[in-house]
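Colleague: Please see the structure below; I have some questions.
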Amino acid sequence: MNKKIIIFTIIIVGFIFIFLDKMFLDQKKQIVSENKYFITKNHKPCTALYISIFYFTSISLGSLFFLGIQNISKSGWSVIIHPIMEEVSSFIPYGVFMIFLILLLNAMDIVHIFHWMNSDLYNPIFLKYDKIIDSKKLFLNIPFFLVRSIIYVLICSFFYFKIKKISCTLYISHSLNDYKKLYFRSLIFVISFSVISIFMTWDWIMSLNTHWVSTLLGWYVLSSFMITGISTITIVSIYLNKKGFFPLFRKSHLHDLSKYLFSGSLLWTYFWFSQFFLYWYGNIPEEITYFIKREEIYNSIHFWMLIPNFLVPFFGLISSQSKSNKKIVFFVSLMLLIGHYIDTYNLIAPDINEDGVKFCIFEIIGSLLIIGGFFIYILFLNFSKRKINSSEGNPFFQESKNYKYPYM
1 MNKKIIIFTI IIVGFIFIFL DKMFLDQKKQ IVSENKYFIT KNHKPCTALY ISIFYFTSIS
61 LGSLFFLGIQ NISKSGWSVI IHPIMEEVSS FIPYGVFMIF LILLLNAMDI VHIFHWMNSD
121 LYNPIFLKYD KIIDSKKLFL NIPFFLVRSI IYVLICSFFY FKIKKISCTL YISHSLNDYK
181 KLYFRSLIFV ISFSVISIFM TWDWIMSLNT HWVSTLLGWY VLSSFMITGI STITIVSIYL
241 NKKGFFPLFR KSHLHDLSKY LFSGSLLWTY FWFSQFFLYW YGNIPEEITY FIKREEIYNS
301 IHFWMLIPNF LVPFFGLISS QSKSNKKIVF FVSLMLLIGH YIDTYNLIAP DINEDGVKFC
361 IFEIIGSLLI IGGFFIYILF LNFSKRKINS SEGNPFFQES KNYKYPYM
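Be aware that the sequence shown starts at 1, since it is given in the numbering used here, and climbs by one per residue.
Pasting the structure below:
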């Protein structure tokens, strides 16, 4: 009951911050700083809300994708953590539905986030006519866009419910046939999501700036999904273990999760560098506007976010001893979550407003508290309905229970 009160308080505080943002917007008060963080009449309060929904949804998608990889690779060490992965994934149906709702409101001209949905851009007789956008209308048109989004929503939700259902059945039945079903469904999900995540990124992020193209963006965002998902799994596991609800979780399991965090941050950094490097040696100067725009608005935030997303996990987890230290791993996981929210904001926000990024700190905090509070509520609600140590039916359960990292 106390946890519910705290969660609902967080959500209420979030609405208060949103209300304060709306109050400042209505009064047209400008808050100007050297970093160009200000409010104007062109301010779009749904921007931060869309970013927060996408961010928390990506955490759940990354968790389910990581679970699928563990299932198809038949990794024995992680079996006791599977229930944690499944519950962190529980926000998927809510998150993808809320994203689709925002897209639908945008298509109905109620919300204005996707610039290309303005019909004037496709008509040569209007001053706003955009030849580049018009050339992409076979792919970027509202009906086809919404149909694709419905497919993303249905596929992600379908596999979440199917994988969770067969997992719960397996934990009771101890049946090898159920385990084979889990393996098969996880295999299909990993293959399917590896493909649709690319199109999802093109539609929900890259189409915000129709004049920019990146062949690496899909993989870049997918690596971010993985890192935020694993970071959340790690934080929840450490928290539950500290509270005494997850006694099977030991330093050996933490060590392996830390290795994924370490390698995942290196993979993300590789894509971060490659995205710019491809433009440079491919001599594509028009695409560099993506970086120039963010450089002007955020004062090199593209490089500053390397600190939480690369330097902190690299130096924090480079030693084997650090990988099994709960305090260090918890701190690194938290920094990765913060760093990847900054990355998500940097990907989306600059392309929503044509004349620069306008926002108020109230809307950022408010949207994070509202969506984050709802995310935590769903997480604890699902934990209250099942046993955390409920993976006994998996044939690798004993291996996971007795797992010990050999070089620790």
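Using N, Cα and C, we set each Cβ at its ideal position, and we do this for glycine too.
On a predicted model such as this, the values are computed, not experimentally measured, just so you know.
With distances taken Cα to Cα, identify the nearest neighbour of residue 382 among 345, 84, 103, 283.
Modeller: Looking up residue 382 in the sequence shown gives position 382. Checking every option, the nearest Cα to that of residue 382 belongs to 84.
Colleague: Let me know the secondary structure DSSP gives residue 332 once reduced to three states.
Modeller: Here residue 332 refers to the residue found at position 332 when the sequence shown is read from its first residue. Helix.
Colleague: Relative to the C-alpha of residue 123, which residue among 184, 133, 103 is closest?
Modeller: Sequence index remark: in the sequence shown, residue 123 carries index 123 (1-based). When each option's Cα is compared against that of residue 123, the closest is 133.
Colleague: Under 8 angstroms between the Cβ atoms of residue 400 and residue 88?
Modeller: The residue you call residue 400 lines up with position 400 of the sequence shown. The residue you call residue 88 lines up with position 88 of the sequence shown. No; because the gap between Cβ atoms is not below 8 angstroms, this pair is not in contact.
Colleague: What's the call for residue 106, buried or exposed, on a 16-neighbour Cβ count within 10 Å?
Modeller: Walking along the sequence shown from the start, residue 106 turns up at place 106. Flag for residue 106 reads buried.
Colleague: Taking residue 98 as the reference, give the member of 63, 150, 299 with the closest Cα.
Modeller: Numbered from its first residue, the sequence shown carries residue 98 at position 98. Of the listed residues, the one whose Cα sits closest to residue 98 is 150.
Colleague: Where residue 192 and residue 395 are concerned, what is the direct C-alpha to C-alpha distance, given to the nearest angstrom?
Modeller: Taking the first residue of the sequence shown as 1, we reach residue 192 at position 192. Taking the first residue of the sequence shown as 1, we reach residue 395 at position 395. Rounded to the nearest angstrom, the two C-alpha atoms are 26 angstroms apart.
Colleague: Can you tell me where the alpha helix (DSSP H) holding residue 229 begins and where it ends?
Modeller: The sequence position of residue 229 within the sequence shown is 229, counting from 1. First-last of the alpha helix (DSSP H) with residue 229: 217-242.
Colleague: Please return the same chain residues whose Cβ sits closer than 6 angstroms to the Cβ of residue 82, not counting the five positions on each side in sequence.
Modeller: The residue you call residue 82 lines up with position 82 of the sequence shown. Only 391 meet the Cβ criterion.
Colleague: If I measure Cβ to Cβ from residue 225 and keep anything under 6 angstroms in the same chain, skipping five residues before and after, which residues do I get?
Modeller: Walking along the sequence shown from the start, residue 225 turns up at place 225. Cβ within range, chain order: 58, 61, 62.
Colleague: Using only the alpha-carbon positions, how far apart do residue 180 and residue 208 sit?
Modeller: Residue 180 sits at position 180 when you count from the first residue of the sequence shown. Residue 208 sits at position 208 when you count from the first residue of the sequence shown. One C-alpha to the other measures close to 41 angstroms.
Colleague: Report buried or exposed for residue 152, applying the criterion of at least 16 other Cβ atoms within 10 angstroms of its Cβ.
Modeller: Indexing the sequence shown from 1 puts residue 152 at position 152. It counts as buried.
Colleague: Go ahead and pull the three-state DSSP assignment for residue 201.
Modeller: Taking the first residue of the sequence shown as position 1, residue 201 is located at position 201. Residue 201 falls in the helix class under three-state DSSP.
Colleague: Sorted by chain position, which residues of the same chain lie with C-beta nearer than 6 angstroms to residue 257's C-beta, five sequence neighbours on each side aside?
Modeller: By one-based count along the sequence shown, residue 257 stands at place 257. Closer than 6 angstroms at the Cβ level, and outside the excluded window around residue 257, lie 234.
Colleague: Quick check: the Cα distance between residue 86 and residue 311, rounded to an integer number of angstroms?
Modeller: Within the sequence shown, the letter at position 86 stands for residue 86. Within the sequence shown, the letter at position 311 stands for residue 311. Roughly 29 angstroms separates the two Cα atoms.
Colleague: Around the Cβ of residue 174, are there at least 16 other Cβ atoms within 10 angstroms (buried) or fewer (exposed)?
Modeller: On the sequence shown, residue 174 is found 174 positions in, with the first residue counted as 1. When all chains shown are included, residue 174 counts as exposed.
Colleague: Roughly how many whole angstroms lie between the Cα atoms of residue 351 and residue 13?
Modeller: Along the sequence shown, read from residue 1 onward, the residue named residue 351 stands at position 351. Along the sequence shown, read from residue 1 onward, the residue named residue 13 stands at position 13. Looking at the two C-alpha atoms, the distance is approximately 28 angstroms.
Colleague: Rounded to whole angstroms, what's the CA-CA distance from residue 374 to residue 48? Just pull it up for me.
Modeller: Along the sequence shown, one-based indexing puts residue 374 at 374. Along the sequence shown, one-based indexing puts residue 48 at 48. Roughly 16 angstroms separates the two Cα atoms.
Colleague: By how many angstroms is the C-alpha of residue 20 removed from the C-alpha of residue 127?
Modeller: Here residue 127 refers to the residue found at position 127 of the sequence shown. Here residue 20 refers to the residue found at position 20 of the sequence shown. Rounded to the nearest angstrom, the two C-alpha atoms are 37 angstroms apart.
Colleague: Using alpha carbons as the reference points, say which of 189, 370, 348 lies closest to residue 205.
Modeller: Taking the first residue of the sequence shown as 1, we reach residue 205 at position 205. Here the closest residue by C-alpha is 348.
Colleague: Mind reading off the beta-carbon distance from residue 7 to residue 377? Whole number of angstroms is fine, and I expect it under 8 angstroms.
Modeller: Mapped onto the sequence shown, residue 7 falls at position 7. Mapped onto the sequence shown, residue 377 falls at position 377. Confirmed, about 5 angstroms.
Colleague: Kindly list the residues whose CB is nearer than 8 angstroms to the CB of residue 142, restricted to its own chain and excluding five residues on each side of it in sequence; keep chain order.
Modeller: Position 142 of the sequence shown holds residue 142. The residues are 107, 117.
Colleague: Does DSSP put residue 28 in a helix, in a strand, or in coil?
Modeller: Taking the first residue of the sequence shown as 1, we reach residue 28 at position 28. Residue placement at residue 28 is flagged as unreliable, the pLDDT there being 48, under the threshold of 50; the coordinate-derived value follows with that caveat. Three-state result, residue 28: coil.
Colleague: Just to confirm the assignment, what range does the alpha helix (DSSP H) spanning residue 309 have?
Modeller: Residue mapping note: residue 309 aligns to position 309 of the sequence shown, counting from 1. Careful: residue 309 lies outside any alpha helix (DSSP H) and carries neither H nor E.
Colleague: Which residue's Cα is closest to the Cα of residue 165: 198, 200, 302, 182?
Modeller: Against the sequence shown, residue 165 aligns to sequence position 165. Per the Cα distances, 182.
Colleague: How many whole angstroms separate the CB atoms of residue 278 and residue 223, which I take to be in contact at a CB cut-off of 8 angstroms?
Modeller: Residue numbering aside, residue 278 sits at position 278 when the sequence shown is read from its first letter. Residue numbering aside, residue 223 sits at position 223 when the sequence shown is read from its first letter. Not really, about 16 angstroms apart at Cβ, beyond 8 angstroms.
Colleague: Please name the residue, chosen from 365, 212, 197, that lies closest to residue 286 on a Cα-to-Cα basis.
Modeller: Taking the sequence shown and counting its residues from 1, one reaches residue 286 at position 286. Minimum Cα distance to residue 286 is reached at 212.
Colleague: At 3 residues or longer, what runs of the beta strand (DSSP E) sit wholly inside the stretch 259-302?
Modeller: Runs found: none.
Colleague: For residue 260, does the count of other Cβ atoms within 10 angstroms reach 16, so buried, or fall short, so exposed?
Modeller: Stepping through the sequence shown from its first residue, residue 260 is reached at position 260. Residue 260 should be labelled buried.
Colleague: If you reduce the DSSP assignment to three classes, tell me which class residue 7 lands in.
Modeller: Start at 1 with the first residue of the sequence shown, and residue 7 comes out as number 7. Of the three classes helix, strand and coil, the one that applies to residue 7 here is helix, per DSSP.
Colleague: With residue 153 as the anchor, note down where its alpha helix (DSSP H) starts and where it stops.
Modeller: Locating residue 153 in the sequence shown gives position 153, counting from the first residue. Looking at the DSSP string, the run of the alpha helix (DSSP H) that includes residue 153 is 142-173.
Colleague: Near residue 214, which residues of its chain fall below 7 angstroms by C-beta distance, leaving aside the five closest residues on each side in sequence?
Modeller: Start at 1 with the first residue of the sequence shown, and residue 214 comes out as number 214. The residues are 206, 275.
Colleague: I'd like the list of long-range same chain contacts for residue 221, defined as Cβ closer than 6 angstroms, with 5 residues on each side in sequence excluded.
Modeller: As a position in the sequence shown, residue 221 is number 221, starting the count at 1. For residue 221, where only same-chain residues beyond five positions count, the Cβ hits under 6 angstroms are 201.
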